[in-house]
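Asks: Okay, here's the structure, questions in a sec.
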């Protein structure tokens, strides 16, 4: 299971369960300091929650083997607002279960699990995810220092072209509000 202590002494628990202390809760719940179930928090994950991470802003990251949280389609990883509702702006797009997560000082999230895809990019079991849910990708003959997990090698003396494939476009794409970010040169 997954356990995290919030600053207000409430306890987040994740696992594979349908009730907690007699209250209906699917796979994630929050307990008050006295052990009673918080009646205001019910994200309702449809599968096992294996890990939880608290962000400094009070949001909650969960990983596991689920496909939906709070009625929103979120496969294997999700971010919850402090009240337990899904943060719809965060959707890194993993293709299999998450077993562990760690939040870095810079706000980026390192995840490990059974997945081989993160953000539409090949990531064999480890990925680094930006705070907004995107996955940075670095192209070049050598990986930038500390960026090996998100690096795609290229021919050292040749040029290369980028191909972009979009999986599961959402409303901003169809409304033409979303655009592919620019490629930036990293020295």
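Numbering (the numbering used here), first residue to last: 160 to 346.
All C-beta atoms in this analysis are idealised placements derived from N, C-alpha and C, irrespective of residue type, glycine included.
#1: Rounded to whole angstroms, what is the Cα-Cα separation between residue 197 and residue 169?
#2: Please report how far the alpha carbon of residue 281 lies from the alpha carbon of residue 274, in whole angstroms.
#3: Excluding the 5 residues preceding and the 5 following residue 171 in the sequence, name in chain order all residues of the same chain whose CB lies nearer than 6 Å to its CB.
#4: Suppose the cutoff is 6 Å on Cβ atoms and the five residues either side in sequence are ignored; what does the same chain contact list for residue 187 look like?
#5: So, helix, strand or coil for residue 331, using DSSP?
#6: Could you name the residues of the same chain whose beta carbon sits closer than 6 Å to that of residue 292, not counting the 5 residues immediately before and after it, in chain order?
#7: Using a threshold of 7 Å, state whether the C-beta atoms of residue 259 and residue 278 are closer than that.
#8: Which of helix, strand or coil does DSSP assign to residue 245?
#9: Sorted by chain position, which residues of the same chain lie with C-beta nearer than 6 Å to residue 262's C-beta, five sequence neighbours on each side aside?
#10: Helix, strand or coil, according to DSSP, for residue 199 in the structure here?
#11: Taking C-alpha atoms, which residue in 243, 230, 339 and 206 lies nearest to residue 199?
#12: Buried or exposed: where does residue 234 fall if 16 or more other Cβ atoms within 10 Å of its Cβ makes it buried?
#13: Contact check, residue 299 vs residue 257 under 8 Å by CB: the rounded distance?
#14: Starting from residue 253, follow the beta strand (DSSP E) in both directions and report where the run begins and ends.
#15: Starting from residue 181, trace the beta strand (DSSP E) both ways and give me its first and last residue.
#16: Name, in chain order, the residues that DSSP records as bridge partners for residue 232.
#17: For the putative contact between residue 254 and residue 276, defined by C-beta atoms under 8 Å, what is the C-beta separation to the nearest angstrom?
#18: Residue 214: which of 296, 289, 301 and 335 sits nearest, CA to CA?
Replies: Concretely, from the data shown:
#1: Within the chain shown, numbered from 1, the residue matching residue 197 stands at position 38. Within the chain shown, numbered from 1, the residue matching residue 169 stands at position 10. Approximately 9 Å between the Cα atoms of the pair.
#2: As a working mapping, residue 281 is identified with position 122 in the chain shown. As a working mapping, residue 274 is identified with position 115 in the chain shown. Answer to the nearest angstrom: the Cα atoms are 9 Å apart.
#3: As a first step, residue 171 must be located in the chain shown, where it is residue number 12. Excluding sequence neighbours, residue 171 sits near 163, 189 and 211.
#4: Along the chain shown, one-based indexing puts residue 187 at 28. Correct list, in chain order: 173, 202, 204 and 208.
#5: Against the chain shown, residue 331 aligns to sequence position 172. The answer is helix: DSSP assigns residue 331 an H, G or I state.
#6: Taking the chain shown and counting its residues from 1, one reaches residue 292 at position 133. So the qualifying residues of the chain are 249, 250 and 251.
#7: Residue numbering aside, residue 259 sits at position 100 when the chain shown is read from its first letter. Residue numbering aside, residue 278 sits at position 119 when the chain shown is read from its first letter. No, these two residues do not count as a Cβ contact at 7 Å.
#8: Mapped onto the chain shown, residue 245 falls at position 86. Residue state, collapsed to three classes: strand.
#9: Counting from 1 along the chain shown, the entry for residue 262 is found at position 103. Excluding positions up to five away in sequence, the list reads 212 and 268.
#10: Counting from one through the chain shown, the residue named residue 199 turns up at place 40. DSSP places residue 199 in coil when its eight states are reduced to three.
#11: Your numbering for residue 199 matches position 40 in the chain shown. Minimum Cα distance to residue 199 is reached at 243.
#12: Position 75 of the chain shown holds residue 234. Under this definition residue 234 is a buried residue.
#13: As a first step, residue 299 must be located in the chain shown, where it is residue number 140. As a first step, residue 257 must be located in the chain shown, where it is residue number 98. Contact doesn't hold; Cβ gap of about 28 Å is too wide.
#14: The sequence position of residue 253 within the chain shown is 94, counting from 1. For residue 253, there is no enclosing beta strand (DSSP E), as DSSP marks it with neither H nor E.
#15: Mapped onto the chain shown, residue 181 falls at position 22. Segment: none, residue 181 is in no beta strand (DSSP E) and carries neither H nor E.
#16: Within the chain shown, residue 232 is the residue found at index 73, counting from 1. As computed with DSSP, residue 232 is found in a beta bridge with 227.
#17: By one-based count along the chain shown, residue 254 stands at place 95. By one-based count along the chain shown, residue 276 stands at place 117. Going by Cβ atoms, the distance from residue 254 to residue 276 rounds to 4 Å, so yes, they are a contact pair.
#18: Taking the first residue of the chain shown as 1, we reach residue 214 at position 55. Of the candidates 296, 289, 301 and 335, the one whose C-alpha sits nearest the C-alpha of residue 214 is 289.
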